[in-house]
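Numbering (mature numbering (1 follows the signal peptide of the UniProt record, and there is no 0)), first residue to last: -48 to -1, 1 to 134.
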């Protein structure tokens, strides 16, 4: 009888230890699930889509744009070169414009004339601002031709995303020759 009692006692302690272990595991799992839930909740709140900031300094860009564009009248004949400074390999693209038409269309079909650069600046840096602008930040510098007084953009930097440094366009416009079609 003592043997049976000792056997039952062993089984009870074994069962009690297993139950205690299971309770401990359950408690830890519950705590881990709660922690995981709060982690996901914080992550969702932190990355929730909010109104992304766009059009930083758009009013300054608009003022400079209006002032420069007022002093730009496309000549009947001019040429310039530009590079896409956002690329590692920066081929120089030459444009010759006669009567508002680029004599060579490739590459960069969207940027044929100086007017196209003005359109790019207006569409990406001014239109829709401040609420629905196309870009995060624009930095534009203009130059004045000494002989004619015409003003044109010579450096155009457009960042589309504040967190992605690779999502941008940078153009440098050089060798502007007004009155020369070649």
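We treat Cβ as the ideally placed atom computed from N, Cα and C, and that holds for glycine.
Anticipated Cβ contact below 8 Å, residue i with residue j, distance rounded
i          : j           : result
residue 25 : residue 94  : With 8 Å as the limit, residue 25 and residue 94 do not qualify as a contact, their Cβ atoms being about 15 Å apart.
residue 72 : residue 63  : 7 Å
residue 90 : residue 114 : The pair is not a contact, with the Cβ atoms about 13 Å apart (cut-off 8 Å).
residue 10 : residue 82  : 6 Å
Rounded separation between residue i and residue j - CA only
i           : j           : result
residue 100 : residue 106 : 16 Å
residue 12  : residue 116 : 23 Å
residue 21  : residue 88  : 22 Å
residue 38  : residue 28  : 30 Å
residue 57  : residue 45  : 10 Å
residue 23  : residue 112 : 28 Å
residue 19  : residue 43  : 30 Å
residue 125 : residue 78  : 20 Å
Candidates the options: closest to residue i by CA position
i           : options        : result
residue 32  : 49, 58, 71, 18 : 49
residue 131 : 51, 45, 86     : 51
residue 121 : 6, 98, 76      : 76
residue 66  : 7, 14, 104     : 104
residue 6   : 102, 85, 98    : 85
residue 36  : 30, 69, 97, 96 : 69
Buried or exposed by the 16-neighbour rule on C-beta atoms within 10 Å, applied to residue i
i           : result
residue 47  : buried
residue 123 : buried
residue 53  : exposed
residue 127 : exposed
residue 118 : exposed
Could you tell me which whole beta strand (DSSP E) segments of length 3 or greater appear in the segment 35 to 96?
45 to 50, 89 to 96
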